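Take a look at the structure set out below.
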Amino acid sequence: VVLSRVPEQEEDRTVSLQNAAAIYDLLSITLGRRGQYVMLSECLERAMKFAFGEFHLWYQVALSMVACGKSAYAVSLLRECVKLRPSDPTVPLMAAKVCIGSLHWPP
135 VVLSRVPEQE
145 EDRTVSLQNA
155 AAIYDLLSIT
165 LGRRGQYVML
175 SECLERAMKF
185 AFGEFHLWYQ
195 VALSMVACGK
205 SAYAVSLLRE
215 CVKLRPSDPT
225 VPLMAAKVCI
235 GSLHWPP
């Protein structure tokens, strides 16, 4: 894993981030199927130290917080996702869904 920020290692860093994202995606699938959302959110939050500006990771953490029932924190993470990808309409829609869902309206 390349963590160096020197410009000469930009390509290696990109490949490392892609590989790490793939591993975290597999971890999300595995832990999600087992209902281990708290463990998943903890793992993803630790990963943010290494890929702070990565939209995919922010979005994964936000979704894991939704699954944990931490709606307010999830919405705050989704706000950061909007900053990283302002033209993506799915992010504000997900934030709206989380806000409406947390009102506990009857079905």
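Basically my numbering = 1-based index in the sequence shown + 134. Beta carbons: idealized from backbone N, C-alpha and C, even for Gly. Here the structure is a predicted model, which means the values were calculated and not measured.
By alpha-carbon distance to LEU218, the top candidate from PRO141, GLU144, ALA154, GLY187 is GLY187. Runs of the alpha helix (DSSP H) lying entirely within the region 154–212 and spanning at least 4 residues, in chain order: 171–181, 189–202.
Around the CB of SER221, fewer than 16 other CB atoms lie within 10 Å, so the residue is classed as exposed.
PRO226 sits in a helix when the DSSP states are folded into three classes. The alpha-carbon separation between CYS233 and ALA206 amounts to approximately 8 Å.
Around the beta carbon of SER175, 16 or more other beta carbons lie within 10 angstroms, which makes this residue buried. With respect to ALA201, LEU212 sits apart: the two C-beta atoms are not nearer than 7 Å. VAL195 and ALA208 have their C-alpha atoms roughly 8 Å apart. With fewer than 16 other Cβ atoms inside 10 Å of its own Cβ, LEU227 counts as exposed.
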